[in-house]
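Numbering-wise (the working numbering), the sequence shown opens with residue 355 and increments by one. Yeah, the Cβ is synthetic: ideal placement off N, Cα and C, and Gly gets one too. Since we're looking at a predicted model, the values are computed, not measured. Have a look at the structure below, then the notes.
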Amino acid sequence: MSSFWAAWVIFLVCFNLGVTFFLFLWAPRAKVPTLPDGTTGHVWANGTLREGMAPLPRWWIAISLAGFLAGFTYLALFPGLGNFEGALQWTSRGELAADAKANQALRDAATAGFAERPVEQLATNPKALAMGEVVYRDNCAACHGRTGKGNPALGAPRLDDDDWLYGSSGEAILASVTDGRHGVMPPWGEPLGEEGVVNVAHYVLAFSGATHDATRAAAGKESFATLCAACHGSEGKGNQGVGAPNLSDNTWLYAGDLDGVMQSIRDGRSGSMPAWSARLDPTALRLVAAYAYSLSRGGPAAQR
Ligand code: HEC
Ligand code: HEC
Numbered sequence: 355m356s357s358f359w360a361a362w363v364i365f366l367v368c369f370n371l372g373v374t375f376f377l378f379l380w381a382p383r384a385k386v387p388t389l390p391d392g393t394t395g396h397v398w399a400n401g402t403l404r405e406g407m408a409p410l411p412r413w414w415i416a417i418s419l420a421g422f423l424a425g426f427t428y429l430a431l432f433p434g435l436g437n438f439e440g441a442l443q444w445t446s447r448g449e450l451a452a453d454a455k456a457n458q459a460l461r462d463a464a465t466a467g468f469a470e471r472p473v474e475q476l477a478t479n480p481k482a483l484a485m486g487e488v489v490y491r492d493n494c495a496a497c498h499g500r501t502g503k504g505n506p507a508l509g510a511p512r513l514d515d516d517d518w519l520y521g522s523s524g525e526a527i528l529a530s531v532t533d534g535r536h537g538v539m540p541p542w543g544e545p546l547g548e549e550g551v552v553n554v555a556h557y558v559l560a561f562s563g564a565t566h567d568a569t570r571a572a573a574g575k576e577s578f579a580t581l582c583a584a585c586h587g588s589e590g591k592g593n594q595g596v597g598a599p600n601l602s603d604n605t606w607l608y609a610g611d612l613d614g615v616m617q618s619i620r621d622g623r624s625g626s627m628p629a630w631s632a633r634l635d636p637t638a639l640r641l642v643a644a645y646a647y648s649l650s651r652g653g654p655a656a657q658r
């Protein structure tokens, strides 16, 4: 606050409090002329009512005095007079910082010893899993589903099966969560042409034994070997180094019907998993990774 506004606030507070305090001191002592019959002489309602004089009740004086004392004490202790900080030097910012510190201390005590433990080990610790579940619900469930069933519309994989884009170890899961993942499947509509897309799609469906047209699949074989095998492997088993999904199992990141597979091939796909290192502290990252790990291993979390 500039010193002008500080002075203005001080003036307003002192003026208002001063005037009301003066009235409070003055009113009980004020001499109001009274007539011998005890009234003030004011006549109301066509002469039927006369205004009497009664002293201020004691309870009213006591409550008002207490109110003034509380007000003066407050202004002495807390900020209220312009830039004056008050004797206690209290600030809302300071209180927030103290609360945050106390919360952090509570969390540190609750997670002591979790920070450096391997994800696999944390996944067997019920307390760690319970905390990881809270982090998961708050940050991950929106995309991966409350029970880890995934969301094909976003390309968010299931976390409750044993099919992994980037690896199933605790370290791989922790890396996915910490740094995020960005799967890039280029669009092949142009180089292949619509016929080519249909043929390769049938070839892809053949990997998992899904219904397909064998003639078309045979026609798509060569394109797959030249354009796709580098990432998905010649048998379509995928490649965890680039997050290329296994095409030979019956689990689909996006869709496993002919139309869906054709769309993946024609337009490409690029699922994006945000990096959580900026939002979660290292211990929370480990706890939520342990929770994700346990989901796929039928741990306590997955059975609920
Ligand atoms: C905005 C949606 C979104 C949110 C929120 C999100 N994810 Fe993901 N996650 C994805 C997508 C999409 C992928 C797949 C990335 C790819 O295709 O490369 C993914 C991939 C992963 C993987 C790798 C899976 C595998 O098969 O290798 C893990 C593990 C994972 N997420 C865990 C989490 C956890 C834990 C959280 C919460 C801290 C979280 N995700 C929050 C969208 C999300
Ligand atoms: C540069 C590496 C790369 C190449 C080359 C590539 N893909 Fe992919 N493909 C990926 C990645 C990565 C994904 C996962 C995309 C994501 O995470 O959003 C993917 C996803 C897919 C999917 C969706 C799978 C699902 O579970 O829904 C299909 C189908 C597919 N690719 C087929 C092909 C075909 C057919 C070709 C060749 C014409 C091909 N890919 C070439 C990397 C590649």
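Of the residues the options, the one placed nearest residue i, counting alpha carbons only
i: Gly547; options: Trp362, Phe438 and Met616; result: Met616
i: Gly392; options: Val488, Leu379, Met407 and Arg640; result: Met407
i: Pro599; options: Gly521, Tyr557, Ala571 and Asp533; result: Gly521
i: Leu379; options: His396, Ile415 and Trp398; result: Ile415
i: Ser631; options: Ser602, Asn493, Pro545 and Ile619; result: Asn493
i: Val552; options: Ser446, Ala573 and Arg447; result: Ala573
i: Arg651; options: Leu639, Arg512, Leu601 and Ala629; result: Arg512
i: Ala424; options: Gly401, Phe375 and Val489; result: Phe375
i: Pro545; options: Asp567, Asp514 and Ile619; result: Ile619
i: His396; options: Glu405, Ser523 and Arg461; result: Glu405
i: Glu525; options: Val473, Lys503 and Gly543; result: Val473
i: Ser523; options: Ala399, Asn400 and Arg640; result: Arg640
i: Ala381; options: Pro480, Gly499, Gly401 and Pro411; result: Pro411
Cβ-heavy atom distance, residue i to ligand 2, below 6 Å
i: Ala563; result: Residue identity check: residue 563 is Gly in the sequence provided, not Ala. It does not: the Cβ of Gly563 is nowhere closer than 6 Å to a heavy atom of ligand 2.
i: Leu581; result: yes
i: Tyr659; result: One cannot answer for residue 659 here, as it falls past the ends of the chain, which runs 355 to 658.
i: Trp518; result: no
i: Ser624; result: yes
i: Pro599; result: yes
i: Met539; result: yes
i: Gly509; result: yes
i: Cys497; result: no
i: Cys585; result: yes
i: Val615; result: yes
i: Trp359; result: no
i: Trp444; result: no
i: Val558; result: yes
i: Trp337; result: Residue 337 is absent from the structure shown; the chain starts at 355 and stops at 658.
Through-space distance from residue j to residue i, alpha-carbon basis
i: Ala507; j: Ser562; result: 21 Å
i: Leu403; j: Ser418; result: 30 Å
i: Ala482; j: Leu634; result: 15 Å
i: Gln594; j: Leu612; result: 24 Å
i: Thr565; j: Leu559; result: 7 Å
i: Phe358; j: Ile364; result: 10 Å
i: Asp516; j: Gln475; result: 18 Å
i: Lys385; j: Met355; result: 44 Å
i: Leu435; j: Ala452; result: 24 Å
i: Ala463; j: Gly590; result: 48 Å
i: Asp621; j: Ala571; result: 20 Å
i: Ala360; j: Pro433; result: 11 Å
i: Glu549; j: Leu528; result: 41 Å
i: Thr569; j: Ala555; result: 12 Å
i: Ala459; j: Val531; result: 25 Å
i: Pro541; j: Thr445; result: 57 Å
i: Thr637; j: Thr478; result: 16 Å
i: Leu371; j: Met485; result: 52 Å
i: Ala495; j: Val596; result: 24 Å
i: Ala454; j: Ala469; result: 20 Å
i: Gly467; j: Arg491; result: 23 Å
i: Glu449; j: Ala456; result: 11 Å
i: Arg471; j: Cys582; result: 39 Å
i: Ala420; j: Glu487; result: 52 Å
Near ligand 1: residue i beta-carbon under 6 Å from a heavy atom
i: Ile619; result: no
i: Ser530; result: yes
i: Ala454; result: no
i: Met627; result: yes
i: Gly425; result: no
i: Arg482; result: Correcting the residue type first, residue 482 is Ala in the shown sequence and not Arg. No.
i: Pro472; result: no
i: Trp362; result: no
i: Cys368; result: no
i: Val551; result: no
i: Ala646; result: yes
Proximity test, Cβ basis, 7 Å: residue i and chain B
i: Pro541; result: The structure shown contains no chain B; it is built from a single protein chain.
> Does the segment 508 to 517 touch the segment 573 to 582, meaning 3 or more C-beta pairs lie closer than 8 Å?
Replying inline: Contact check between the segment 573 to 582 and the segment 508 to 517: fewer than three CB pairs, one atom from each, fall below 8 Å, which does not count as touching.
> Are the segment 432 to 443 and the segment 602 to 610 touching by the rule of at least three beta carbon pairs closer than 8 Å?
Replying inline: No, the segment 432 to 443 does not touch the segment 602 to 610.
> With a cut-off of 8 Å, do at least 3 Cβ pairs link the segment 636 to 645 to the segment 584 to 601?
Replying inline: They do not touch, by the three-pair rule.
> Is it a yes or a no for the segment 362 to 379 touching the segment 426 to 437, going by three-plus beta-carbon pairs under 8 Å?
Replying inline: Taking 8 Å as the limit for Cβ pairs, the verdict is that the segment 426 to 437 does touch the segment 362 to 379.
> For the 8 Å Cβ check, are there 3 or more pairs between the segment 623 to 630 and the segment 530 to 539?
Replying inline: Contact between the segment 623 to 630 and the segment 530 to 539 is present, because at least three Cβ pairs lie under 8 Å.
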